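Residue numbers 1 to 209, in UniProt numbering, belong to the letters of the sequence shown in order. Quick reminder that beta carbons are idealized off the backbone N, C-alpha and C, glycines included. These figures come from a predicted structure and were not determined experimentally. I have placed the structure first, in the form of structure tokens, so that the comments after it can refer back to it.
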Amino acid sequence: MLECMMLKDERQCAKHVMLVDLGRNDVRKVSKSSSVKVEKLMTVERYSHAMHISSTITGELLDHLTCWDALHATLPVGTVSGAPKVKAMELIDRFEVTRRGPYSGGFGGISFTGDMEIALALGTMIFSTGARYDTIYSYKHANKRQEWIAHIQAGAGIVADSDPHEEQIECQRKAAGFVRAIELAESAFVNEQPAKINNALPVRPSVSQ
Numbered sequence: 001m002l003e004c005m006m007l008k009d010e011r012q013c014a015k016h017v018m019l020v021d022l023g024r025n026d027v028r029k030v031s032k033s034s035s036v037k038v039e040k041l042m043t044v045e046r047y048s049h050a051m052h053i054s055s056t057i058t059g060e061l062l063d064h065l066t067c068w069d070a071l072h073a074t075l076p077v078g079t080v081s082g083a084p085k086v087k088a089m090e091l092i093d094r095f096e097v098t099r100r101g102p103y104s105g106g107f108g109g110i111s112f113t114g115d116m117e118i119a120l121a122l123g124t125m126i127f128s129t130g131a132r133y134d135t136i137y138s139y140k141h142a143n144k145r146q147e148w149i150a151h152i153q154a155g156a157g158i159v160a161d162s163d164p165h166e167e168q169i170e171c172q173r174k175a176a177g178f179v180r181a182i183e184l185a186e187s188a189f190v191n192e193q194p195a196k197i198n199n200a201l202p203v204r205p206s207v208s209q
């Protein structure tokens, strides 16, 4: 039901097709002629608190290039920068008051044979190393506890006819999974059940009592 509604949303579909074209152009820069293909187009992927329209683009890397060239050609991906990419990144740098850090970047690894696998960080939760539990002892003694500070980042794609309220709700839904993870972690150290958040972002949770 929800998948059908998403795939019938003209604005969502138009935005996704634009991003597929942008991704195909990025892959083509480092791929052999005629090797670039859209393997999957506009399938719906479901997650705990969100759904996404997804497409898969593939290409065969040029013989004289390495995985690092492929990474350089494709990051930042259009889904987190926008299009045209250079102008969009200039606007991001001008208007976003908080630096993204690892959010919307690539996480993964590279083998000794040059094989690389990178995932896009479309949502992140970062804990400051300066605010953490010092020992296992502090878990069991409330008066010795320090507070964890979690920085959660999530986003939504903005186009000319976007509704600010709807985009804000989408960000909250994407962040809700991280908030739920914190609540479940808290429940392991206190004698109470974690509260349900119903896809809404609550007040910043704290592990202090």
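Continuous beta strand (DSSP E) stretch holding residue i: start and end
i	result
residue 107	106-110
residue 179	Element bounds for residue 179: not the beta strand (DSSP E) but the alpha helix (DSSP H), 164-187.
residue 41	37-46
Three-state secondary structure assigned by DSSP to residue i
i	result
residue 149	coil
residue 5	helix
residue 55	strand
residue 154	strand
residue 71	helix
residue 123	strand
8 Å Cβ cutoff, residue i in contact with chain C
i	result
residue 117	Considering every chain present, this structure includes no chain C. It has just one protein chain.
Alpha-carbon spacing of residue i relative to residue j, whole angstroms
i	j	result
residue 62	residue 32	5 Å
residue 38	residue 24	8 Å
residue 78	residue 12	15 Å
residue 66	residue 182	39 Å
residue 4	residue 18	20 Å
residue 46	residue 126	24 Å
residue 189	residue 106	33 Å
residue 35	residue 118	21 Å
residue 50	residue 176	9 Å
residue 112	residue 68	13 Å
residue 180	residue 162	27 Å
residue 149	residue 165	27 Å
residue 9	residue 53	11 Å
residue 48	residue 154	14 Å
residue 14	residue 72	26 Å
residue 41	residue 115	25 Å
residue 185	residue 128	17 Å
residue 27	residue 160	26 Å
residue 207	residue 151	Only weak support exists for where residue 207 lies, its pLDDT of 39 falling under 50; the value from the coordinates is given anyway. So the two alpha carbons sit approximately 15 Å from each other.
residue 108	residue 80	17 Å
residue 85	residue 6	25 Å
residue 167	residue 99	19 Å
Enclosing alpha helix (DSSP H) for residue i [first to last residue]
i	result
residue 96	Per DSSP, residue 96 belongs to no alpha helix (DSSP H) and is neither H nor E.
residue 17	10-28
residue 31	Element bounds for residue 31: n/a, residue is neither H nor E.
Contact test: residue i Cβ vs the ligand COA heavy atom, cutoff 7 Å
i	result
residue 56	The ligand content of the structure shown is nil, which means the ligand COA is not present either.
Short Cβ contact (8 Å threshold) for residue i with residue j
i	j	result
residue 124	residue 102	yes
residue 83	residue 22	yes
residue 55	residue 76	no
residue 20	residue 70	no
Handout entry: Touch test, the region 90-104 against the region 165-178, Cβ-Cβ under 8 Å, three pairs minimum
Key = Under the Cβ criterion (8 Å, minimum of three pairs), the region 90-104 does not count as touching the region 165-178.
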